[in-house]
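What follows is a single structure, written as structure tokens, with notes after it.
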Amino acid sequence: MKIDVNSDMGEGFGVYQLCDDAALMQVVSSANIACGFHAGDPAIMTNMVRLAKQHGVGIGAHPGLPDRQGFGRRELPFSSEEICQQVAYQLGALTAIARAEGTHVSHLSFHAAMGNLVNRDAALAQQVMELVARINSDLIVFAQPDTLIEAAAQAAGLKTLTLFLADRAYDAQGLLVPRGIAGAVIKEEAALRARVRQFLQHGTVTTIENEEIAIRARSILVHSDTPGSLTLATIVRSEIEASGHQVAPAAQVLAQ
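Sequence positions in the sequence shown follow this note's numbering and run 34 to 289.
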């Protein structure tokens with residue numbers, strides 16, 4: 034089975050860099066590239082596209098709210114129309130850079146607060162997904178399973194790829210544990226390896242309440258801002274390959 038490994042990347046600005054993007058690009062199969070609002074800038078975006086093209090990595094837009102200081106994790110009171118405009122602006126910018134570099138954007142994955150806002154409002158999710166489909170009906174939308182984003186994307190005729198977040202804790206309802214709670218971010222190598230192995234072998238994850246729940250996913254996400262993200266992503270890839278599966282970009286996963 035083909036499984037995607039993806040990471041949010043290019044989340045720096047100017048001379049500031051969040052992680053070793055160049056090294057991480059050699060491990061993942063899909064890169065969600067920050068598009069200049071919560072992080073990133075034209076030079077970083079161009080470099081990320083070039084690296085992705087060099088390594089055969091799928092290129093994805095990673096739009097977020099315009100909040101550099103809060104790293105796009107604060108929910109700000111934008112209207113539905115403003116959020117649609119922000120998505121169009123960021124997707125358009127990365128699309129243009131990719132075309133200039135002789136390649137293309139293959140997927141879209143929302144960042145933090147923007148994703149939370151879209152995922153909590155069915156009307157907004159529909160509005161945003163219809164916008165995305167008008168811009169590029171071939172895009173694959175990354176989403177957690179059984180969410181408003183997944184349903185709205187499919188209703189708009191877009192393909193979806195569901196995610197398992199290897200470095201984030203889940204609760205008994207299958208929701209992510211808020212980052213402010215102890216244990217919400219998985220940083221230990223042994224714990225991450227065990228979680229990935231459990232997901233690959235049984236399709237489940239053990240929640241923060243120590244319950245086992247099913248996870249329907251074909252892509253594993255490692256956040257680049259998680260401490261030791263390069264090591265964690267390498268562990269994820271090695272566990273996939275050790276299980277007899279193949280790491281591949283989203284388009285190849287869906288084509289299987």
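Just so it is clear, CB atoms sit at the ideal spot from N, CA and C, and this is done for glycine as well.
Can you tell me which of the three DSSP states MET34 falls into?
coil
How is THR128 classed by DSSP in three states: helix, strand or coil?
helix
Note down the Cα distance separating CYS117 from ASP171, rounded to an integer number of angstroms.
18 Å
Can you name, in chain order, every residue of its own chain whose Cβ lies under 7 Å from the Cβ of ALA94, other than the five neighbours on each side?
ILE66, CYS68, GLN123, LEU124, LEU127, VAL138, LEU141
Please state if the CB of ASP54 and the CB of VAL286 are separated by a distance shorter than 8 Å.
no
Among the candidates ARG230, HIS256, LEU265, whose CA atom is the shortest distance from the CA of ILE248?
ARG230
Checking 8 Å against the spacing of the C-beta atoms, do ILE173 and ALA283 come in under that value?
yes
Cβ shell of ALA72 (< 8 Å), same chain only, five flanking positions each side left out
GLY43, GLU44, GLY45, PHE46, LEU51, GLY97, ARG101, PHE104, GLY105
Same chain, Cβ closer than 8 Å to ALA188, five either side skipped, listed in chain order
GLN159, MET162
Measuring straight from C-alpha to C-alpha, what distance separates LEU57 and GLY89?
13 Å
What's the C-alpha gap between HIS293 and ARG201?
Missing from the structure shown is residue 293; the chain here goes from 34 to 289 and no further.
Would you kindly check if the distance between the Cβ of ALA199 and the Cβ of LEU225 is under 8 Å?
yes
Provide the residue span of the beta strand (DSSP E) that contains THR195, from first to last.
192-198
Please name the residue, chosen from ALA129, THR239, THR180, that lies closest to ASN149 on a Cα-to-Cα basis.
THR180
Quick test of your reading: LEU196 and LEU254, contact by CB under 8 Å. State the CB separation rounded to the nearest angstrom.
5 Å
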